[in-house]
């Protein structure tokens, strides 16, 4: 492998939409339109993280998502801007999903019906092979230990930086790097048979 | 720094989390180190696989439910003909939900308080302000003023939203009974526990959850109005216990008990005539008679539910014409006779109720019924807990 090839394998940082401070201030004043903007901005990613962390149960994920935004409504006045809004929000997400997991008391494997019904609106991944890969990845991620699963969800669903993931999960950047490393390797071992179908950009 | 293997940096390199200088050194190291290169390949495969996680679309109902916490929820208006399949579907859902609920609670100890979340303004628990969250213990009052709202969360049972100008008190909380008193104001309940676990006492009756979502309002005089948006709710008094299906409402007045349930999309004339019939104590019998005239004239096929209840509420002389109108709106079940219905034969009444698709009796288990036994036995088989309850 040449140096240029190795360097080319690095990801470009993901660009995330963000809610501006005026919108957050409007939410703190109870502005319904601002809340709707905030909800629209984050709802799909919050729901996705919830569904992947709650064993693929759409009802539990919808319930958790609703709880997240309800907590957000009641607590947004406490947000002082000391951290990124996304970091603050995803702490709510992680804590809510963890509470929900505790309530469930047992991990429910991703249901076949859920996998077969999942689709990403507007996604270019429409062919069967990619759908199959996507389904298997979701199952494999569902089987990871929570401490390896959370960094992967926050990285790939939300696109948080290592520092932001550390702030959400309450651990150092180095710990995030280590857990992501282990998570990636675990995924790789579980799905090694898909290696030939992967396209390395 | 790079004299040893660098496999721990593989993910950070993939995600561009290393400084440019460290990234270049890492890349140079990979060229020279076969072990780290193999490790990097493994991480890279994992990272590529993880990129297949789709962002899913959240159901629109989430926003609607959030808004419902601020505005009043829309009332479901189910068509009569869909009631029967809905009843069956709801029964299946309740069986599954009930089994899951019991499986979670079969060995759990009961909570002694409910969680309170502030939604708007400053709700109060026994005159003490609720900042964001709090707990409502048995015997305590939760009050909202004109600018405040709150939500009660009961683990594994459901949620109750408390509207402005409302007073509620927690009366009982244990695995087999969760009971709230609504003294004044309005609440919206969404209950996921098995039927007959959640109750709301009002000054004029008790709303008993049968697997549902509903709104209950009590005015200054202690009269109440129940609007059911999903499933069924029964309104109990010492003398009566009408069961109200989704899309229907039931008013209850102090000194009178529950009125006749009606679908909320019935005509204005129908509803006001029914109110006169149910609650106008000063009305002469002729006035009651004319109110029944209007109800019968305005009744649609969907309103057969109301007529079925009316049969046992009118005097015997009136029953014949109520029966005839019922016959005109729906066909009589086999084995039912006019005479039997006028005499309120229990078996015939039940047969017609089932024909109307208002099969709550079949779908909703009485306490300690076959359903409860079925839940317990199913759970017993699943969890090896048979015989523990």
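Chains as they are written, first to last, in the working numbering: chain C, 86 to 286; chain B, 113 to 501. Positions of the beta carbon are idealized from the N, C-alpha and C atoms, including for glycine. Nothing here was measured: the structure is a model prediction, and the numbers come from that model.
- Residue burial is scored here from C-beta neighbours: residue 278 of chain B has at least 16 other C-beta atoms within 10 angstroms and is therefore classed as buried.
- Contact check between the region 334-341 of chain B and the region 310-320 of chain B: three or more CB pairs, one atom from each, fall below 8 Å, which counts as touching.
- Beta-bridge annotation (DSSP): residue 293 of chain B is paired with B/281, B/313.
- Against chain C, the beta carbon of residue 229 of chain B has neighbours under 9 Å at 155, 156, 159, listed in chain order.
- According to DSSP, residue pairing for residue 340 of chain B in a beta bridge involves B/326.
- Residue 175 of chain B belongs to the set of residues whose beta carbon lies under 8 Å from a beta carbon in chain C.
- Of all residues in the region 128-147 of chain C, the ones placed with a Cβ closer than 8 Å to any Cβ belonging to chain B are 128, 129, 130, 131, 132, 133, 136, 137, 143, 147, in chain order.
- Residue 449 of chain B is classed as exposed because its beta carbon has fewer than 16 other beta carbons within 10 Å across all chains shown.
- Residue 226 of chain B is not a Cβ neighbour of residue 177 of chain B, given a cutoff of 8 Å.
- In the three-state reduction of the DSSP assignment, residue 397 of chain B falls in the helix class, which pools H, G and I.
- Counting along the chain, residue 165 of chain C sits inside no alpha helix (DSSP H), nor does DSSP assign it H or E at all.
- At least one C-beta of chain C is nearer than 8 Å to the C-beta of residue 155 of chain B.
- Of the residues B/327, B/275, B/143, B/380, the one whose Cα lies closest to the Cα of residue 362 of chain B is B/327.
- The continuous beta strand (DSSP E) containing residue 245 of chain B extends over residues 245-249.
- For residue 363 of chain B, the enclosing beta strand (DSSP E) stretches over residues 360-365.
- Under the three-state reduction of DSSP output, residue 368 of chain B falls in the coil class, being neither helix nor strand.
- Below the 8 Å Cβ cutoff, chain C contributes 132, 143, 147 as neighbours of residue 171 of chain B, in chain order.
- Pairing residue 273 of chain C with residue 358 of chain B, the inter-Cα distance amounts to about 50 Å.
- For residue 146 of chain B, the enclosing alpha helix (DSSP H) begins and ends at 146-162.
- Between the alpha carbons of residue 125 of chain B and residue 262 of chain C lies a distance of about 10 Å.
- Rounded to the nearest angstrom, the gap between the Cα atoms of residue 287 of chain B and residue 224 of chain B is 10 Å.
- Burial state of residue 409 of chain B is exposed, judged by a 10 Å Cβ sphere holding fewer than 16 other Cβ atoms.
- According to DSSP, residue 272 of chain B shares a beta bridge with B/264, B/301.
- Secondary structure within the region 115-159 of chain C: not one fully enclosed beta strand (DSSP E) run of 3 or more consecutive residues is present.
- Following the DSSP letters along the chain, one finds residue 412 of chain B in no beta strand (DSSP E), marked with neither H nor E.
- Among the residues facing chain B, residue 255 of chain C is not included, as its CB has no counterpart in that chain under 8 Å away.
- When the five nearest sequence neighbours on each side are left out, the beta carbons in the same chain lying within less than 7 Å of the beta carbon of residue 121 of chain B are those of 130, 138, in order along the chain.
- In the structure shown, residue 237 of chain B adopts extended strand secondary structure according to DSSP, grouped into three states.
- Below 8 Å, too few C-beta pairs join the region 238-256 of chain C and the region 147-157 of chain B to call them touching: fewer than three.
- The criterion of a C-beta distance shorter than 8 Å is satisfied by residue 248 of chain B and residue 228 of chain B.
- Using beta-carbon distances, residue 163 of chain B counts as an interface residue toward chain C, with a partner under 8 Å.
- Setting aside the 5 residues that flank it on each side, residue 153 of chain C is surrounded in the same chain by 131, 177, 178, 181, each with a C-beta closer than 6 Å to its C-beta; the list follows chain order.
- By the rule that beta-carbons nearer than 8 Å mark a contact, residue 263 of chain C touches chain B.
- Put simply, of C/145, C/175, C/143 the residue whose alpha carbon is nearest the alpha carbon of residue 156 of chain C is C/175.
- Counting of Cβ neighbours within 10 angstroms places residue 133 of chain C among the buried residues, the total reaching 16 or more.
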